[in-house]
Amino acid sequence: METTSTNEAKHESRNPAQRAVIARFNRELVRLVERVAPRSILDVGCGEGYTLAALGAAGVTAELFGVDLSRSAIAKARRRLPAGVTLTVGDARELHAGRARFDLVIMTEVLEHLDEPGDMLPVLAGLSRGRVLLSVPWEPFFRGINFLRGKHVTRLGNHPEHVQCWSRTGFIRFVERHFIVEAAPFAFPWTLVLARPKGGLQ
210 METTSTNEAK HESRNPAQRA VIARFNRELV RLVERVAPRS ILDVGCGEGY
260 TLAALGAAGV TAELFGVDLS RSAIAKARRR LPAGVTLTVG DARELHAGRA
310 RFDLVIMTEV LEHLDEPGDM LPVLAGLSRG RVLLSVPWEP FFRGINFLRG
360 KHVTRLGNHP EHVQCWSRTG FIRFVERHFI VEAAPFAFPW TLVLARPKGG
410 LQ
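Take 210 as the starting number for the sequence shown in the working numbering and just add one per residue.
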């Protein structure tokens, strides 16, 4: 029997407020993607394919790729997405070692789960020949909203899978270690950043 991931539960929620917030986030994400007009997009940590599905639904015509460590998530993404989307079970670091390159590399709601998120930035930079699009929860507001909703109360609203915590300013500074930030639109309760690797476009 298949289990439901926390990512899947979030996107499949029937709560109208939560669905509206996610829809607004997706609109901002799509707007940034359209600004870049990439020919190829890699979604790192694509999970069950919700971001790639949102891009397709918005009419983004780039060639779409997704990679995730979870075999079950990729299986669900394959059922959700059209056959033209290339999905891989694996580690983005292996793609980086294989010198794969994409016009736009997306990583949404993943970095906060990593013990050493700083190690992922050069990997993302190496995968991109153009730009990266990154997002994380905007703290402390994200956990505050969770607490007020009665979620993860014993952890003061912090999701048990989140091991990193960034304010909006803190995350932008974190990204600036390896990238030049071009845009950070309002996407509350997430911080969303479009950036290009230092050294210019490849």
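Here a beta-carbon is modelled for each residue, glycine too, at the ideal position from N, C-alpha and C.
Could you check what DSSP says for F397 in three-state terms: helix, strand or coil? Locating residue 397 in the sequence shown gives position 188, where the first residue counts as 1. Correct three-state label for F397: coil.
In this structure, how does DSSP classify P346 when only helix, strand and coil are distinguished? Locating residue 346 in the sequence shown gives position 137, where the first residue counts as 1. Three-state result, P346: strand.
Is there contact here, the stretch 230-244 with the stretch 286-297, by at least three beta-carbon pairs under 8 Å? no
For V314 versus L241, is the C-beta spacing smaller than 7 Å? Here residue 314 refers to the residue found at position 105 of the sequence shown. Here residue 241 refers to the residue found at position 32 of the sequence shown. For V314 and L241, no; Cβs fall outside 7 Å.
Which residue or residues does DSSP assign as beta-bridge partners of I389? Start at 1 with the first residue of the sequence shown, and residue 389 comes out as number 180. I389 pairs with R405.
If I'm right that E318 touches V345 with Cβ under 8 Å, what's the distance once you round it to whole angstroms? Along the sequence shown, read from residue 1 onward, the residue named residue 318 stands at position 109. Along the sequence shown, read from residue 1 onward, the residue named residue 345 stands at position 136. Their Cβ separation, rounded to whole angstroms, is 7 Å, which keeps E318 and V345 in contact under 8 Å.
So, is D328 buried or exposed, given that buried needs 16 or more other C-beta atoms within 10 angstroms? Along the sequence shown, one-based indexing puts residue 328 at 119. The residue is exposed, with fewer than 16 neighbouring Cβ atoms inside 10 Å.
Same chain, Cβ closer than 7 Å to L330, neighbours up to 5 away in sequence not counted: Along the sequence shown, one-based indexing puts residue 330 at 121. R386, H387.
Give the DSSP bridge partners of V253, in chain order. Translated into the one-based positions of the sequence shown, residue 253 becomes position 44. According to DSSP, which records beta bridges pairwise, V253 is partnered with V276.
Name the DSSP bridge partner or partners of M316? Reading the sequence shown from its first residue, position 107 is the one you call residue 316. L343, per the DSSP bridge assignment.
Of all the options K285, L278, G265, which has the alpha carbon lying nearest to the alpha carbon of D300? For the purposes of this step, residue 300 is taken as residue 91 along the sequence shown, with counting starting at 1. Minimum Cα distance to D300 is reached at L278.
Let me know if D312 comes out buried or exposed under the rule of 16 or more other beta-carbons within 10 Å of its beta-carbon. By one-based count along the sequence shown, residue 312 stands at place 103. It counts as buried.
Using DSSP bridges, identify the partner residues of S337. What you label residue 337 is simply residue 128 of the sequence shown in a count that begins at 1. DSSP lists F311 as partners of S337.
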